[in-house]
Amino acid sequence: PMRIALRRGADKTIQAMAECIDVGIQDGSIPSGDSALLARQIYYLWNGASLLNKLYQDQEALTQSLTYTQHLLQNTRTCP
1 PMRIALRRGA DKTIQAMAEC IDVGIQDGSI PSGDSALLAR QIYYLWNGAS
51 LLNKLYQDQE ALTQSLTYTQ HLLQNTRTCP
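Given below as structure tokens:
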């Protein structure tokens with residue numbers, strides 16, 4: 001079913017993001033933290049921002065998501 005295919009795709013994307021975050025943690029460009037949790041939070045954030053971008057036909061959600069993503073990656077303060 002389509003739901004399963006979409007879930008697998010999302011899981012692969014989140015896993016790839018977590019691996020990239022791990023590389024950043026290892027090279028010191030991202031403070032240490034839970035890379036899997038951070039990747040999921042960023043994925044969820046951008047998924048919602050993409051939907052709102054379509055609904056409102058403006059860039060505000062994307063712009064705010066970029067700002068918050070930068071904050072998360074610089075501080076690794078993930079939401080509980």
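According to the UniProt record's numbering, the residues represented by the sequence shown are 1 to 80, in order. Cβ atoms here follow ideal geometry from the backbone N, Cα and C, with glycine treated the same way.
Short Cβ contact (8 Å threshold) for residue 37 with residue 65: no
Assuming residue 21 contacts residue 32 under a Cβ cut-off of 8 Å, what Cβ separation, rounded to an integer in Å, is found between them? Going by Cβ atoms, the distance from residue 21 to residue 32 rounds to 10 Å, so no, they are not a contact pair.
Can you list, in chain order, the residues of its chain whose CB lies under 6 Å from that of residue 62, leaving out five sequence neighbours each side? 49, 53
Euclidean distance between Cα positions of residue 14 and residue 8: 10 Å
Measure the beta-carbon distance from residue 42 to residue 72 and round it to whole angstroms, keeping in mind my assumption that it falls under 8 Å. 6 Å
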